[in-house]
Structures are given as C-alpha cells and as structure tokens.
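Novice: Quick note: the sequence shown, position 79, residue 79 per the UniProt record's numbering, numbers continuous. Yeah, the Cβ is synthetic: ideal placement off N, Cα and C, and Gly gets one too.
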Amino acid sequence: MKVALISSRQAAINFLPELQEALEKKILDIEVEQFEVQLNTDIPRKTKGLLGFDMIFVSIPFKEETQKIRILIQKLVDLDLAAESKIINGVEEIQLEEDLSAEEAKEIKKSEAEKWSNIILEKILEAQ
Numbered sequence: 001m002k003v004a005l006i007s008s009r010q011a012a013i014n015f016l017p018e019l020q021e022a023l024e025k026k027i028l029d030i031e032v033e034q035f036e037v038q039l040n041t042d043i044p045r046k047t048k049g050l051l052g053f054d055m056i057f058v059s060i061p062f063k064e065e066t067q068k069i070r071i072l073i074q075k076l077v078d079l080d081l082a083a084e085s086k087i088i089n090g091v092e093e094i095q096l097e098e099d100l101s102a103e104e105a106k107e108i109k110k111s112e113a114e115k116w117s118n119i120i121l122e123k124i125l126e127a128q
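Structural data, given as structure tokens:
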C-alpha cells in the first residue's frame, strides 16, 4: 500500500511527520511519502499529478473557513470522483490557541495524527 500525505504551508498546523510515524507503526507493508506545497490552492494540482499511490491524504487544518477553503473542498471531491487513487479529505476546522506552547502543539499534532491514522487504516481495510 502506497500512501501520499499532502499539506500546505498555509495549514494551521502540520502533523504529517507524526501521521507518517503512526501509519508506519500500525501498517506493516506501507510506503508513505510526504508532500508540502506553498499555498492551499496548489493542492488540487499536486494531488492530480501524483501517480502510483493507492491513497492520498490531504491535510489542511484551518482556523476559519473561507471561500478558498470551500472551493478547495469541492475540487478535492471532484478529483476523488475522477482519480484512480482514493483521496481522503482532511480539510477541517481546528481550534487552536494563539499562543500555543511547544508542548501543547506537540500534543495536538499527536492527537491529530492518531485520529487520522485510524481513519486511513479504516479506509485501507474497506478497500481490500
């Protein structure tokens, strides 16, 4: 099973390294690659260009929904319908304090990684 993890530098928090670690602990024969784009609006193009992956997880935690976020979500739905790879949409609102300590950020990343690794594992099992 080959899984791509994609996020952007505009994401409120990046937990892809923690997610990769969690997936590699839970699933024996998994290959995971991380990709980061500059802008959220670059995600659909990057997703469309990824070939050879069984599953693509798009992670964009955001603090406040905007028109661009709504458009991104719709584009991901369209891509999922047309793509050979299953796209898991991790574009969701997240509540973050403005002045997070390093320890609080670490805990949030760990929690998000655990949540999404379970969802991805469930999707992998459904696909088999």
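By the 10 Å Cβ neighbour count, where 16 or more other Cβ atoms means buried, how is Ala113 classified, buried or exposed?
Specialist: Within the sequence shown, numbered from 1, the residue matching residue 113 stands at position 113. Ala113 should be labelled buried.
Novice: Are the beta-carbon atoms of Ile13 and Phe57 separated by less than 9 Å?
Specialist: Walking along the sequence shown from the start, residue 13 turns up at place 13. Walking along the sequence shown from the start, residue 57 turns up at place 57. Result no, Cβ atoms of Ile13 and Phe57 do not sit closer than 9 Å.
Novice: List the whole-angstrom C-beta distance separating Gln34 from Leu23, where the pair is believed to meet the contact cut-off of C-beta under 8 Å.
Specialist: In the sequence shown, the residue the question calls residue 34 occupies position 34. In the sequence shown, the residue the question calls residue 23 occupies position 23. So it is not a contact: roughly 11 Å between Cβ atoms.
Novice: With a CB to CB cut of under 8 Å and the five nearest residues on each side skipped, what residues in its chain are close to Pro44?
Specialist: The residue you call residue 44 lines up with position 44 of the sequence shown. Result list for Pro44: Leu72, Lys75, Leu76 and Leu79, in chain order.
Novice: Residue range of the alpha helix (DSSP H) that Lys115 falls in?
Specialist: Start at 1 with the first residue of the sequence shown, and residue 115 comes out as number 115. First-last of the alpha helix (DSSP H) with Lys115: Ala102 to Ala127.
Novice: Note the first and the last residue of the continuous alpha helix (DSSP H) segment covering Gly49.
Specialist: Within the sequence shown, numbered from 1, the residue matching residue 49 stands at position 49. That run of the alpha helix (DSSP H) goes Ile43 to Gly49.
Novice: Nearest to residue 142 by alpha carbon, out of Ile6, Lys110, Leu96 and Leu19?
Specialist: Nothing about residue 142 can be read from this structure; the chain reaches only from 1 to 128.
Novice: Provide the residue(s) that pair with Met1 in DSSP beta bridges, ordered along the chain.
Specialist: On the sequence shown, position 1 is the one that residue 1 refers to. Note: Met1 sits in no beta bridge, so no partner.
Novice: Could you check if Glu97 is buried or exposed, using at least 16 other CB atoms within 10 Å of its CB as the buried criterion?
Specialist: Within the sequence shown, the letter at position 97 stands for residue 97. Answer is exposed; the Cβ neighbour count stays below 16.
Novice: From the DSSP output, in three-state form, read off Asn40 for me.
Specialist: Walking along the sequence shown from the start, residue 40 turns up at place 40. Helix at Asn40.
Novice: Suppose you measure from the CA of Met1 to the CA of Phe53; what does that come to, to the nearest Å?
Specialist: Here residue 1 refers to the residue found at position 1 of the sequence shown. Here residue 53 refers to the residue found at position 53 of the sequence shown. Cα to Cα, Met1 sits roughly 8 Å from Phe53.
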